[in-house]
Amino acid sequence: MEEEIREQKEFLGLILDSMPAGVMVIDAKTHRIENVNLEAVAMIGESPDEVIGKSCFEIFPEIKGLCPVTAVGQEVDCAERILHRVDGSRLPVLKIVKRLKTKSGEKLIETFIDLTERKKLEEQLYRLSVTDYLTQAYNRRYFTEVLEREIERTKRTNRPFSLIMLDIDHFKNVNDRFGHAAGDLVLKSLVNLIKNRIRQTDCLARWGGEEFVILLPDTHVQEAAGLAEELREQLSLMEIPVVSRVTASFGVTGYCSGDTLDTLLMRADQMLYAAKASGRNCVRFSEKCPEN
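The opening residue of the sequence shown carries number 1 in the UniProt record's numbering; numbering runs sequentially from there.
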């Protein structure tokens with residue numbers, strides 16, 4: 001009989017250790033850890049001897065949310081948590097806790113499911129949803145959302161921001177003469193140039209075709225015009241394989257009281273048109289706000 005019980009325990013232990021998720025058995029009253037499987041200790045970064053017998057709050061002192069504290073009558077608790085490992089790394093997990101009644105008292109069965117790969121996939125899908133596939137600049141939809149938030153922020157804080165709208169000069173000629181692959185290289189080269197110059201708080205998006213727009217928070221229009229001139233000069237001097245050199249025209253405007261997304265973009269577009277009308281390869285900006 002004892003041999004059968006021992007074999008059964010060993011078999012259950014093998015099943016527990018074969019599970020692709022971390023599992024802990026915790027006393028519901030004392031929160032002492034009574035058993036763990038190999039995946040759980042691997043995720044924590046401790047050995048079984050260093051975990052069994054300790055309070056759950058000793059193992060996870062930095063975040064009580066990892067210790068199962070289910071309400072009375074609540075049989076299952078499920079939530080996403082961040083597990084702080086012994087080596088200092090952080091592991092996103094799905095924590096599932098089930099309350100069980102046994103002869104020796106209530107137990108909490110806590111299961112950790114590693115969400116690392118799922119989080120990576122979610123991040124990849126998110127990046128695809130907000131970026132332009134070719135240039136890796138943000139896309140128009142995302143930029144519109146960011147600009148709307150920036151307008152609301154400025155209404156609350158009265159802090160300035162500016163827009164730069166730019167268009168590659170004679171881009172159709174580049175495609176016609178050198179091919180679309182060369183045209184794609186020009187677009188990507190321009191985006192890389194801009195990304196290497198702007199701040200992390202700025203937002204660069206492909207507005208359409210060869211047209212791009214840059215949002216510059218906490219930036220007055222004169223400063224934005226200075227940046228546009230710097231970008232214009234750098235682009236005109238940049239050697240691009242096959243194509244050699246290209247230029248771009250820039251329109252710049254700043255936020256004015258009462259502006260909407262449409263009025264801002266329209267004014268930036270008007271300044272871009274003014275740059276085109278002035279012979280291209282130049283910067284034009286609206287220094288004064290329109291009268292209401």
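Note that CB positions come from ideal geometry on N, CA and C, so glycine has one too.
All values derive from a computational prediction rather than experimental measurement.
Anticipated Cβ contact below 8 Å, residue i with residue j, distance rounded
| i | j | result |
| --- | --- | --- |
| residue 198 | residue 186 | About 19 Å separates the two Cβ atoms, so there is no contact after all. |
| residue 107 | residue 33 | Not confirmed; about 11 Å, so no contact. |
| residue 293 | residue 275 | Outside the modelled stretch of the chain, which goes from 1 to 292, sits residue 293, for which no answer is possible. |
| residue 220 | residue 290 | Actually they are not in contact, since the Cβ atoms of residue 220 and residue 290 sit about 17 Å apart, beyond 8 Å. |
| residue 43 | residue 83 | 6 Å |
| residue 212 | residue 166 | 5 Å |
| residue 261 | residue 151 | 6 Å |
| residue 178 | residue 246 | That pair is no contact at about 11 Å. |
| residue 57 | residue 31 | 6 Å |
| residue 172 | residue 135 | That pair is no contact at about 18 Å. |
| residue 93 | residue 81 | 6 Å |
| residue 53 | residue 37 | About 16 Å; that fails the 8 Å criterion. |
Closest residue to residue i among the options (Cα-Cα distance)
| i | options | result |
| --- | --- | --- |
| residue 9 | 232, 35 and 30 | 35 |
| residue 99 | 78, 115 and 89 | 78 |
| residue 209 | 139, 237 and 234 | 139 |
| residue 206 | 183, 127, 143 and 107 | 143 |
| residue 148 | 124, 89, 211 and 265 | 265 |
| residue 130 | 145, 243, 262 and 116 | 145 |
| residue 24 | 95, 87 and 81 | 95 |
| residue 113 | 127, 128 and 91 | 91 |
| residue 153 | 218, 124 and 80 | 218 |
| residue 248 | 174, 52, 31 and 18 | 174 |
| residue 201 | 215, 256 and 115 | 215 |
| residue 155 | 170, 184, 93 and 259 | 259 |
| residue 19 | 40, 237 and 157 | 40 |
| residue 86 | 55, 80 and 51 | 51 |
| residue 308 | 88, 273 and 55 | This structure cannot speak to residue 308, because the chain is shown only from 1 to 292. |
| residue 184 | 194, 195, 157 and 240 | 240 |
| residue 88 | 287, 105 and 46 | 46 |
| residue 237 | 127, 281 and 180 | 281 |
Where residue i falls: helix, strand or coil (DSSP)
| i | result |
| --- | --- |
| residue 71 | Only weak support exists for where residue 71 lies, its pLDDT of 43 falling under 50; the coordinates are left without a value. |
| residue 151 | helix |
| residue 266 | helix |
| residue 284 | strand |
| residue 48 | helix |
| residue 39 | helix |
| residue 23 | strand |
| residue 273 | helix |
| residue 57 | helix |
| residue 32 | strand |
| residue 235 | helix |
| residue 279 | coil |
| residue 252 | strand |
| residue 63 | Because residue 63 carries a pLDDT of 49, less than 50, the predicted location of this residue cannot be relied on, and the following value inherits that uncertainty. Of the three classes helix, strand and coil, the one that applies to residue 63 here is coil, per DSSP. |
| residue 131 | strand |
| residue 18 | helix |
| residue 221 | helix |
| residue 242 | coil |
| residue 159 | coil |
The ligand ADP heavy atom lying under 7 Å from the CB of residue i
| i | result |
| --- | --- |
| residue 230 | The ligand ADP is not part of this structure, which contains no ligands at all. |
Segments of 3+ residues assigned as beta strand (DSSP E) that fall wholly inside the UniProt domain "PAC" (77-127): 90-102 and 105-114
Complete alpha helix (DSSP H) runs within the region 166-210 (minimum length 4 residues, chain order): 171-178 and 180-195
Three Cβ pairs or more, each shorter than 8 Å: is that satisfied between the region 214-232 and the region 250-257? yes
Pairs of beta-carbons, one from the region 233-247 and one from the region 267-274, closer than 8 Å: are there three or more? The region 233-247, when compared against the region 267-274, does not touch it at the 8 Å Cβ threshold.
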